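Visitor:
2 protein chains.
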Amino acid sequence: MMALLRLADLSAKSGAEGALVTTRELARLMGISQQSASRYLIELEGLGLIHRSRAPEGERIRIAEEGSRRLAELYAILRGFFERPEAELSLEGRIFTGLGEGAYYVSQEGYRRQFVEKLGFDPYPGTLNLRLDPKSRSRRPLLDRIDPIIIEGFANGSRCFGPVKCFRAKVADRIEGAVLVAMRSHYGDDVIELIAPVGLREALGLRDGQTVRVRIPLAPNPQRSSA
Amino acid sequence: MMALLRLADLSAKSGAEGALVTTRELARLMGISQQSASRYLIELEGLGLIHRSRAPEGERIRIAEEGSRRLAELYAILRGFFERPEAELSLEGRIFTGLGEGAYYVSQEGYRRQFVEKLGFDPYPGTLNLRLDPKSRSRRPLLDRIDPIIIEGFANGSRCFGPVKCFRAKVADRIEGAVLVAMRSHYGDDVIELIAPVGLREALGLRDGQTVRVRIPLAPNPQRSSA
DNA sequence: ATTACTAGGAATCGAGTAG
DNA sequence: TCTACTCGATTCCTAGTAA
Numbered sequence: 001m002m003a004l005l006r007l008a009d010l011s012a013k014s015g016a017e018g019a020l021v022t023t024r025e026l027a028r029l030m031g032i033s034q035q036s037a038s039r040y041l042i043e044l045e046g047l048g049l050i051h052r053s054r055a056p057e058g059e060r061i062r063i064a065e066e067g068s069r070r071l072a073e074l075y076a077i078l079r080g081f082f083e084r085p086e087a088e089l090s091l092e093g094r095i096f097t098g099l100g101e102g103a104y105y106v107s108q109e110g111y112r113r114q115f116v117e118k119l120g121f122d123p124y125p126g127t128l129n130l131r132l133d134p135k136s137r138s139r140r141p142l143l144d145r146i147d148p149i150i151i152e153g154f155a156n157g158s159r160c161f162g163p164v165k166c167f168r169a170k171v172a173d174r175i176e177g178a179v180l181v182a183m184r185s186h187y188g189d190d191v192i193e194l195i196a197p198v199g200l201r202e203a204l205g206l207r208d209g210q211t212v213r214v215r216i217p218l219a220p221n222p223q224r225s226s227a
Numbered sequence: 228m229m230a231l232l233r234l235a236d237l238s239a240k241s242g243a244e245g246a247l248v249t250t251r252e253l254a255r256l257m258g259i260s261q262q263s264a265s266r267y268l269i270e271l272e273g274l275g276l277i278h279r280s281r282a283p284e285g286e287r288i289r290i291a292e293e294g295s296r297r298l299a300e301l302y303a304i305l306r307g308f309f310e311r312p313e314a315e316l317s318l319e320g321r322i323f324t325g326l327g328e329g330a331y332y333v334s335q336e337g338y339r340r341q342f343v344e345k346l347g348f349d350p351y352p353g354t355l356n357l358r359l360d361p362k363s364r365s366r367r368p369l370l371d372r373i374d375p376i377i378i379e380g381f382a383n384g385s386r387c388f389g390p391v392k393c394f395r396a397k398v399a400d401r402i403e404g405a406v407l408v409a410m411r412s413h414y415g416d417d418v419i420e421l422i423a424p425v426g427l428r429e430a431l432g433l434r435d436g437q438t439v440r441v442r443i444p445l446a447p448n449p450q451r452s453s454a
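In the order they appear, the protein sequences are chains A and B.
Its first residue numbered 1, the first sequence is counted upward by one per residue in my numbering.
Its first residue numbered 228, the second sequence is counted upward by one per residue in my numbering.
#1: Quick check on the DSSP output: the beta strand (DSSP E) that includes residue 409/B runs from which residue to which?
#2: Here's the rule I'm using: 16 or more other beta-carbon atoms within 10 Å means buried, otherwise exposed. How should residue 447/B be labelled?
#3: Indicate whether the contact test is met: 3 or more Cβ pairs, each with one atom in the stretch 190-206 of chain A and one in the stretch 148-156 of chain A, closer than 8 Å.
#4: Under a CB-based cut-off of 7 Å, is residue 187/A close to chain B?
#5: Kindly list, in the order they appear in chain A, the residues whose Cβ is closer than 9 Å to that of residue 364/B.
#6: Which parts of the stretch 29-99 of chain A are runs of the beta strand (DSSP E), unbroken and 3 residues or longer, counting only runs that do not cross its ends?
#7: With a 10 Å radius around its C-beta and 16 neighbouring C-beta atoms as the bar for buried, classify residue 160/A as buried or exposed.
#8: Just the chain A side, please: which residues come within less than 7 Å of residue 232/B by C-beta, in chain order?
#9: Taking its Cβ as the centre, do 16 or more other Cβ atoms sit within 10 Å of residue 324/B, making it buried, or is it exposed?
#10: Chain A partners of residue 235/B, CB-CB under 9 Å?
#11: Would you grab the beta carbon distance between residue 152/A and residue 163/A for me? Rounded to a whole angstrom, and I think it's under 8 Å.
#12: Output needed for residue 376/B: all residues of its chain with C-beta closer than 8 Å, excluding positions within five of it in sequence on either side, in chain order.
#13: Could you have a look at residue 211/A and say whether DSSP puts it in helix, strand or coil?
#14: In this structure, how does DSSP classify residue 223/A when only helix, strand and coil are distinguished?
#15: How would you label residue 302/B, buried or exposed, when you count the other beta carbons within 10 angstroms and need 16 or more for buried?
#16: So, helix, strand or coil for residue 417/B, using DSSP?
#17: Might you give, ordered along the chain, the residues of its own chain that have their beta carbon closer than 7 Å to the beta carbon of residue 454/B, omitting 5 neighbours on each side?
#18: Output the distance between the C-alpha atoms of residue 249/B and residue 77/A, rounded to the nearest integer angstrom.
#19: Would you mind working out which of 4/A, 82/A and 46/A sits nearest residue 241/A, comparing C-alpha positions?
#20: Is residue 320/B near residue 358/B, with beta carbons less than 7 Å apart?
#21: Using the C-alpha atoms, what's the distance from residue 315/B back to residue 399/B?
#22: Taking Cβ to Cβ, would you say residue 279/B is nearer than 7 Å to residue 272/B?
#23: What did DSSP end up calling residue 342/B once you bin it into helix, strand or coil?
#24: What is the DSSP secondary structure of residue 206/A, reduced to helix, strand or coil?
#25: Name the residue from 436/B, 418/B, 364/B and 425/B whose alpha carbon lies nearest to the alpha carbon of residue 71/A.
#26: Hey, could you find the ends of the beta strand (DSSP E) residue 19/A is sitting in?
#27: Tell me, which residues are paired with residue 154/A by DSSP?
#28: Taking all protein chains shown into account, do 16 or more other C-beta atoms lie within 10 angstroms of the C-beta of residue 262/B, making it buried, or fewer, making it exposed?
#29: Can you look up residue 196/A in the DSSP assignment and give me helix, strand or coil?
#30: Using the C-alpha atoms, what's the distance from residue 277/B back to residue 61/A?
#31: Could you tell me which residues DSSP pairs with residue 395/B in its beta bridges?
#32: Less than 7 Å between the beta carbons of residue 199/A and residue 104/A, yes or no?
#33: Distance cutoff 7 Å, beta carbons only. Does residue 396/B sit that close to anything in chain A?
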């Protein structure tokens, strides 16, 4: 099965005429011996999952119909796991206390004016930090499929403030706010920051370590992200 | 790895709090022994791919961050295989001669009028049958993501004609026609039928067994299919 | 009911090597 | 070079049980 996946990968990178593979190369890719690679190919062919045809410099492999079917099963499982059908992106994570920088940044007049203008609310001076759980983290890239509200960067005499992406979000099913994604964040990919018209921590009675869900509506016409 | 996939499937079907699994059930799903299922869970936990917590009636499994990452790799491979980025769905297959029913159906005035009206051409009285190659067949479900042109069914005194879905398509890179998908087809999933303003077989100089490519433009704003 | 240890039989792996 | 066979070494699996 893993061999079939590897071949699918090679196949996708080749044309429709099939991938040119040697047992040695397949072995290297999979971290197994050339002999095992050879055996896998024999087995996969015997199971009707691939078609093989010898070439001078290796062999040409095409995924057979039954092979595609098996791969499609895996694909369906992974699709179900990563992209449960929904009209919103739901992220969950635990609250933690940051360095207090959020308040400083959000209060900057250059940002604040844009928040009021583009989000329609004057943000409480402070951010709520959420460390995403593993599953939410894996789904975070879906944010890139949503049209962001761009808060432009500005200079404030002494220093520069970078641009920020926002996404409207409903926090804990109660409060309308926004997810903030600094284009250059000091946090890793597993953290999101939230703002709202009110102090979320107080309004929701939250303490560090508690789990909060954030729901970000998907745009009605999501545009394809071109990687 | 396969165990992790199975758990991802169960996880997707459960809530965010984790999937409730017993080793026996996992064993049954994977076609292995309860002992092996237990061992797999121990290994996956040791590798940091899942989190486990005992419950009276089994255990609660959550996919860990590293587990999600591994699954995402597989997902990326399969995405590459099944959905190479493109603005169109390209299907290939071999021509074969059907029972001649195509001509009969297409010529029905109830259909023909709608073809003219909705497709903008008067179809040649006959269909070109294509048996899809394995890869194309696996991608055929993508058709469901395209807004179909619906040709409505009708009754003709003596008998009934069912509704038909159409998709505009370019045949062999030359002729603008349409893919026909009868809602109740007598062919299997590996066959598509083509119509065009001209006789495709003659216009393209095609014979049975030859391979033809059909390109179906994807709608600019594909709507999510809700299963 | 669970999970998971142990032991030994079964399956798999890869070094050597032939074609 | 390439693929793929043989065969001994190793890994993996499951039946029997314990907890």
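All residues carry an ideal CB built from backbone N, CA and C; glycine is no exception.
Only a predicted model underlies this, so the values are computations on that prediction, with no experimental measurement involved.
Guide: From the atom records:
#1: Looking at the DSSP string, the run of the beta strand (DSSP E) that includes residue 409/B is 402-409.
#2: Residue confidence is low: residue 447/B scores 47 on pLDDT, short of 50, so the model does not pin down where it sits. Its coordinate-derived value is still stated next. Residue 447/B comes out exposed.
#3: Note that the stretch 190-206 of chain A does not touch the stretch 148-156 of chain A; fewer than 3 beta-carbon pairs, one per stretch, sit closer than 8 Å.
#4: No, its Cβ sits nowhere closer than 7 Å to a Cβ of chain B.
#5: Within chain A, the residues near residue 364/B are 65, 68 and 69.
#6: Here the runs fully enclosed are 50-55, 58-63 and 88-96.
#7: By the 10 Å Cβ count, residue 160/A comes out exposed.
#8: 74 and 77, listed in chain order.
#9: Residue 324/B is exposed by the Cβ-count criterion.
#10: Simply 77, 78, 80, 81 and 82.
#11: At roughly 5 Å, the Cβ-Cβ gap stays under 8 Å, so residue 152/A and residue 163/A are in contact.
#12: Cβ neighbours of residue 376/B beyond the five flanking positions: 345, 346, 392, 393, 394, 395 and 405.
#13: Residue 211/A: strand per DSSP, three-state reduction.
#14: Unreliable placement is indicated for residue 223/A, whose pLDDT of 30 sits below 50; the coordinate value is still reported in the next sentence. It is coil, neither helix nor strand.
#15: Buried is the call here.
#16: It is coil, neither helix nor strand.
#17: Annotation note: pLDDT 25 at residue 454/B (below 50); position unreliable, coordinate value reported separately. Within the same chain, residue 454/B has no close Cβ partners at all.
#18: Roughly 20 Å separates the two Cα atoms.
#19: In this structure chain A extends from 1 to 227, so residue 241/A is not present and cannot be described.
#20: Closer than 7 Å, so yes.
#21: Straight across, the Cα-Cα distance linking residue 399/B with residue 315/B is about 14 Å.
#22: Closer than 7 Å, so yes.
#23: Correct three-state label for residue 342/B: helix.
#24: Coil at residue 206/A, not helix or strand.
#25: Ranking the options by Cα distance to residue 71/A, first place goes to 364/B.
#26: Counting along the chain, residue 19/A sits inside the beta strand (DSSP E) bounded by residues 19-21.
#27: Note: residue 154/A sits in a beta bridge opposite 161/A.
#28: Label assigned to residue 262/B: exposed.
#29: Coil at residue 196/A, not helix or strand.
#30: Distance from the CA of residue 61/A to the CA of residue 277/B, rounded to the nearest whole angstrom, comes to 34 Å.
#31: According to DSSP, residue 395/B bridges with 405/B.
#32: No, these two residues do not count as a Cβ contact at 7 Å.
#33: Residue 396/B does not count as touching chain A.
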